[in-house]
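See structure below.
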Amino acid sequence: MCLAIPAQVLSVDPATATAMVNLDGVRRSISLALVETVAVGDYVLVHVGYALNRISPEEAAQTLALMQEAGALAGPPSEAASPRPGERAAGTTTDRSEESQS
362 MCLAIPAQVL SVDPATATAM VNLDGVRRSI SLALVETVAV GDYVLVHVGY ALNRISPEEA
422 AQTLALMQEA GALAGPPSEA ASPRPGERAA GTTTDRSEES QS
């Protein structure tokens, strides 16, 4: 599953097609290569360091509120779901290089 997070543009550098954004309280540099026009104060959806598109401030606020609510509902991972030292998490596979050493 992919997740794009709303971020507010703090500054734009047209020479490098990058912007500094506020991403949930963290300042981060992102690429603007995939969007045409972005200005300071705009909101963009960010995924893996790229602005995917501009969104309205209302859509950004709604999305951030839903994400906070979902995070609050998820809670910390259960102890049963966490692998013990030396064990693999459920659903993971071994690396071929590890198999050849066995």
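Mapping of the sequence shown onto the working numbering: residues 362 to 463, in sequence order.
Just so you know, even glycine gets a beta-carbon here, dropped at the ideal spot from N, CA and C.
Look at LEU427 here: in three-state DSSP terms it is helix. LEU393: not part of any beta strand (DSSP E); DSSP gives it neither H nor E. Around the beta carbon of ALA431, fewer than 16 other beta carbons sit within 10 angstroms, so the residue counts as exposed. Judged by DSSP in its simplified three-state form, PRO367 adopts strand. For ALA400, the secondary structure class from DSSP, reduced to helix, strand or coil, is coil.
Here ALA378 is not near LEU395, since their CB atoms are 7 angstroms or more apart. When only Cα atoms are considered, VAL373 and SER417 end up about 18 angstroms apart. Sorting LEU427, ASN414, LEU384 by C-alpha distance to the C-alpha of VAL405 places ASN414 at the top. In the three-state DSSP reduction, ALA376 falls in the coil class, being neither helix nor strand. Residue pairing for LEU384: DSSP places it in a beta bridge opposite VAL387.
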